[in-house]
Ligand SMILES: [Zn+2]
């Protein structure tokens, strides 16, 4: 899976280790929602946010799995 082809946006600071080696990309999930994915290269923390709100990975997976419109 190679999702990191989009250019990185402005550098974010990791909230866990305060490092600046954070890759942040925006992805559109299969349910149509647009989420920001940030991955820290320092501590390997990964976070998902949508409209500034943190999402947990379970929520993201559910959204990404929905292929049908109910
Ligand atoms: Zn970190």
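Numbering (the working numbering), first residue to last: 1 to 70. C-beta: ideal position from N, C-alpha, C; glycine also.
query                                                                                                                                                    : result
Tell me which same chain residues have a C-beta within less than 6 Å of the C-beta of residue 22, skipping the five on either side of it?                : 12, 14, 38 and 40
Taking the alpha-carbon positions, what's the residue 25 to residue 50 distance?                                                                         : 12 Å
If we ignore side chains and look at the alpha-carbon of each, how far apart do residue 43 and residue 16 end up?                                        : 8 Å
Quick check: what's the CA-CA separation for residue 33 versus residue 64?                                                                               : 9 Å
Can you list, in chain order, the residues of its chain whose CB lies under 8 Å from that of residue 54, leaving out five sequence neighbours each side? : 47 and 48
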